[in-house]
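Structure first, then comments.
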Amino acid sequence: MKGIHGAEVRTAVVGELTVLYSEIEKERILPEQFQDAALEFHRVVHAAFANAAVVPFRFPTWISTEELADHLKLEAERYRLFLTHHADHVQMELRLRLTAGETQRPSTGTEHLRARAAQLRQAENAAREIKQLLADYVIEWRERDIPEGKRLFALVKRGDVASFRERLSGRGLSWSGPWPAMEFLGK
311 MKGIHGAEVR
321 TAVVGELTVL
331 YSEIEKERIL
341 PEQFQDAALE
351 FHRVVHAAFA
361 NAAVVPFRFP
371 TWISTEELAD
381 HLKLEAERYR
391 LFLTHHADHV
401 QMELRLRLTA
411 GETQRPSTGT
421 EHLRARAAQL
431 RQAENAAREI
441 KQLLADYVIE
451 WRERDIPEGK
461 RLFALVKRGD
471 VASFRERLSG
481 RGLSWSGPWP
491 AMEFLGK
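Every letter in the sequence shown is one number past the one before it in this note's numbering, and letter 36, counting from 1, is 346.
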């Protein structure tokens, strides 16, 4: 398998973990090539993820092989437990966007805060409804508030992804996945 700019994807075994990595100089990824390089990175991650649970590093992560070995010595047990426990799980993501409400801009700070509170209640209600809708397929939920609304992360069995998607179809929701279950890795 080839990685970014055709770099060899290497493997290292640390205890029970197998690590995929490439050695590439920072200077080889020019700013105008960054997006293409990120897409190549994600292609490699998803090729591995198609066969097993993975813990991908963020792109780009620049560390020496010695720093990688040190990191894995510290985190190997946490990663091993996560990968064992979530071997058959994936992450699905849903984005709930707040509606703008009235077309007029609030004239006072109080009106703005009331409108914002109403939007947040609407997002909470929508999140609760979605969680109920998908309860048959979701093992665990995580959520984050974002300025536009909420991001919901669902931990789902790989075999339930098609049913999960089908349950969401035609509802006008923004969702993506399956992804590695990184929201569920913990600290």
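Note that CB positions come from ideal geometry on N, CA and C, so glycine has one too. The structure presented is a predicted model; accordingly, all values stated were derived computationally and were not measured.
Coil, strand or helix - LEU443 by DSSP: Working through the sequence shown from its first residue, we reach residue 443 at position 133. Residue state, collapsed to three classes: helix.
Residues bridged to GLN345 [DSSP beta-bridge criterion]: What you label residue 345 is simply residue 35 of the sequence shown in a count that begins at 1. The partner list for GLN345 (beta bridge, DSSP) is empty, contrary to what the question assumes.
Simplified DSSP assignment, three categories, for PHE351: Walking along the sequence shown from the start, residue 351 turns up at place 41. Residue state, collapsed to three classes: helix.
For GLU450, the residue or residues it bridges with in DSSP: As a first step, residue 450 must be located in the sequence shown, where it is residue number 140. LEU465.
Beta-carbon contacts of VAL400 that lie in its chain and below 7 Å, excluding the five residues immediately before and after: Counting from 1 along the sequence shown, the entry for residue 400 is found at position 90. Within the same chain, VAL400 has close Cβ partners VAL466, ARG468, VAL471, GLY487, PRO488, TRP489 and ALA491.
Range of the contiguous beta strand (DSSP E) that encloses ALA322: Against the sequence shown, residue 322 aligns to sequence position 12. Looking at the DSSP string, the run of the beta strand (DSSP E) that includes ALA322 is 320-324.
Other residues of its chain near ILE334: CB distance less than 7 Å, five sequence neighbours each side excluded: The residue you call residue 334 lines up with position 24 of the sequence shown. Correct list, in chain order: ILE314, HIS315 and ALA317.
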